[in-house]
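Only one structure is covered here, and it is reproduced in the block below.
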Amino acid sequence: MTDGVEPPELTADRILTLDDDRFTTDSVALVTGAGSGIGRATAVALAQNGLAVAATDVDEEGLANTTEKAAELDTGGEIHEIAGDLTDDEDVRRIVDEAAEVGDLRYVANIAGLQHISPLPEFPMKQYDLLHDVMLRAPFLIAKLVMPHIRETDDGVGAIGNMCSIHGHTATQDKAGYITSKFGLRGLTKSIAAEGDGPLRAFTVSTGYVKTPLVTEQIPDTAEERGISEQEVVEDVMLGESQVTEMMEPVDVANLFTFGFSKYGQHLDGEDLTWDGGHLSTYE
Ligand code: NAD
Numbered sequence: 000m001t002d003g004v005e006p007p008e009l010t011a012d013r014i015l016t017l018d019d020d021r022f023t024t025d026s027v028a029l030v031t032g033a034g035s036g037i038g039r040a041t042a043v044a045l046a047q048n049g050l051a052v053a054a055t056d057v058d059e060e061g062l063a064n065t066t067e068k069a070a071e072l073d074t075g076g077e078i079h080e081i082a083g084d085l086t087d088d089e090d091v092r093r094i095v096d097e098a099a100e101v102g103d104l105r106y107v108a109n110i111a112g113l114q115h116i117s118p119l120p121e122f123p124m125k126q127y128d129l130l131h132d133v134m135l136r137a138p139f140l141i142a143k144l145v146m147p148h149i150r151e152t153d154d155g156v157g158a159i160g161n162m163c164s165i166h167g168h169t170a171t172q173d174k175a176g177y178i179t180s181k182f183g184l185r186g187l188t189k190s191i192a193a194e195g196d197g198p199l200r201a202f203t204v205s206t207g208y209v210k211t212p213l214v215t216e217q218i219p220d221t222a223e224e225r226g227i228s229e230q231e232v233v234e235d236v237m238l239g240e241s242q243v244t245e246m247m248e249p250v251d252v253a254n255l256f257t258f259g260f261s262k263y264g265q266h267l268d269g270e271d272l273t274w275d276g277g278h279l280s281t282y283e
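Residue numbers (numbering that gives the first Met the number 0): 0 to 283.
What follows is the structure, given as structure tokens:
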């Protein structure tokens, strides 16, 4: 791990809380990837906003730590742990069924993901399939299963937020599998919006690099692939194109999901919250 990119502590003062009549424990937010990084911060932040959170991950220990974190912050909402593997359709169906048993399933944050670094000609198809299954196929199946639940609520209001990336807008070297999935996720998001008729919304969240294990663990591989030092990976590759040179924290991303789900996000539909410190819009 490189200095300055250690995953940070989540503290209550960084969590955005919003006033929304639907933000009660009657409403359920399903959060995937809730056992680590951005997913954990989002699960805790939504619980802090008073929601019942159905927190799912393949990493059961990670999920338990998420519940522990929410308890430590004494959030007003609830966390319900549902372990499962998003590459298994039967698990996905069970996860959605169990989330719907908790209450009115209105919100989904599809956050689970993983990275694989390899030049395209050598990209292992097994890794391609895994990235695709977790980051695109599972969100598709979840949307398919959850949309009827949102429509069944008293007012039919809900939203599906999909964790995208600057790599869902532009491409860089050695991440072809990831980039392909993230571009696809924006297509899925627009399709949900097109069929959601307004009350059922969808949006993506796109960030640059965020201080999570997914990022800190890819630094050595990227350094090796490009023949540069780990420090150069952080300063030149990760933050080199960004005007804001402070790396984002998971809670900064969690706050975008809270905003997107809330009544204040009513006109956010099919589009993207691009929170990238200027990365995609500027260059020097
Ligand atoms: P992370 O590695 O900290 O967390 C990812 C979680 O997904 C882990 O808990 C993991 O167990 C879970 N997961 C992976 N495969 C799974 C499977 N088959 N079934 C169920 N759960 C599974 O990563 P993170 O940085 O928090 O990333 C979360 C999301 O944010 C990913 O979709 C990633 O692409 C996206 N993202 C991250 C960054 C960043 O810089 N960290 C930037 C842009 C987008």
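Heads up, the beta-carbon is just placed ideally off N, CA and C, and yes, glycines get one too.
#### Entry: Heavy atoms of the ligand NAD versus C-beta positions, residues under 6 Å
G32, G34, S35, G36, I37, G38, D56, V57, D58, G61, D84, L85, T86, I110, A111, G112, L113, V133, M134, M162, S164, T206, Y208, V209, T211, P212, L213, V214
### Query
What distance in whole Å lies between the Cβ atoms of A42 and V52, which are believed to be in contact at a cut-off of 8 Å?
Position 53 of the sequence shown holds residue 52. Position 43 of the sequence shown holds residue 42. Confirmed, Cβ separation roughly 5 Å.
### Message
Against chain C, does D25 count as a neighbour if the rule is that its beta carbon must be under 8 Å from one of theirs?
### Response
Protein chain content of the structure displayed is limited to a single chain, and chain C is not contained in it.
### Task
Identify whether M0 lies in helix, strand or coil by the three-state DSSP scheme.
Position 1 of the sequence shown, counted from the first residue, corresponds to residue 0. Note that M0 scores a pLDDT of 41, beneath 50, so its modelled location is shaky and nothing firm can be said.
### Query
Terminal residues of the continuous alpha helix (DSSP H) containing M134?
As a working note, residue 134 is residue 135 in the sequence shown. Premise fails: M134 is in no alpha helix (DSSP H) and is neither H nor E.
### Task
Can you have a look at S228 and say buried or exposed, based on whether 16 or more other CB atoms are within 10 angstroms of its CB?
Residue mapping note: residue 228 aligns to position 229 of the sequence shown, counting from 1. S228 comes out exposed.
### Message
If I measure Cβ to Cβ from A11 and keep anything under 6 Å in the same chain, skipping five residues before and after, which residues do I get?
### Response
As a position in the sequence shown, residue 11 is number 12, starting the count at 1. L72.
### Task
Mark V243 as exposed unless 16 or more other C-beta atoms lie within 10 angstroms of its C-beta, in which case mark it buried.
Within the sequence shown, the letter at position 244 stands for residue 243. So V243 ends up on the exposed side.
### Query
Which runs of the beta strand (DSSP E) fall wholly inside the region 63 to 103 and span at least 3 residues, in chain order?
77 to 82
### Task
Could you check which residue in R21, R13, L15 has the C-alpha nearest to that of G155?
Along the sequence shown, read from residue 1 onward, the residue named residue 155 stands at position 156. For G155, the nearest C-alpha among the options comes from R21.
### Task
Identify which residue in Y177, V95, G277 has its Cα closest to the Cα of V30.
Looking up residue 30 in the sequence shown gives position 31. The residue with the shortest Cα to Cα distance from V30 is V95.
### Query
In chain order, which beta strand (DSSP E) runs of at least 3 residues are fully inside the region 197 to 228?
199 to 206
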